[in-house]
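Student: Start counting the sequence shown at 61; every next residue gets the next number (our numbering).
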Amino acid sequence: MHGNVWEWMQDCWTPHYIGAPTDGSPRTSGDCKYRVTRSGSWYYVSSNVRSAYRAKFLAKAFSYGIGMRVVRELP
Numbered sequence: 061m062h063g064n065v066w067e068w069m070q071d072c073w074t075p076h077y078i079g080a081p082t083d084g085s086p087r088t089s090g091d092c093k094y095r096v097t098r099s100g101s102w103y104y105v106s107s108n109v110r111s112a113y114r115a116k117f118l119a120k121a122f123s124y125g126i127g128m129r130v131v132r133e134l135p
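1. Rounded C-beta distance between VAL96 and LYS116? I'm assuming under 8 Å.
2. Smallest Cα separation from SER99: which of PRO86, ASP91 and ARG114?
3. Would you mind reading off the limits of the beta strand (DSSP E) that contains GLU67?
4. Taking only the alpha-carbon atoms, compute the straight-line gap between SER123 and TYR104 and give it to the nearest angstrom.
5. Using the Cα positions of ARG129 and TRP102, report the straight-line distance between them to the nearest angstrom.
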């Protein structure tokens, strides 16, 4: 989980969790020109490589250091 790529979130950027949805749905309010990324990446400083670390990237950004987490629900 840590250090591979930034996890690209569907949430619009806000600098805090105040007013965030509690049902798992993405945040659609805030600065939607930017999206939230989490967990850091292999090419960033080690202090940023942790689950709670959040950053913002332009919604149209491309980077080899940004990715997504594939999830499979088990029966």
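A virtual CB, placed ideally from N, CA and C, is assigned to each residue, including glycine.
Tutor: By the coordinates alone:
1. Cβ-Cβ separation between VAL96 and LYS116: approximately 6 Å, consistent with a contact (criterion under 8 Å).
2. Of the listed residues, the one whose Cα sits closest to SER99 is ARG114.
3. For GLU67, the enclosing beta strand (DSSP E) begins and ends at 66 to 73.
4. Rounded to whole angstroms, SER123 and TYR104 show a C-alpha spacing of 13 Å.
5. Spanning the two alpha carbons is a distance of roughly 15 Å.
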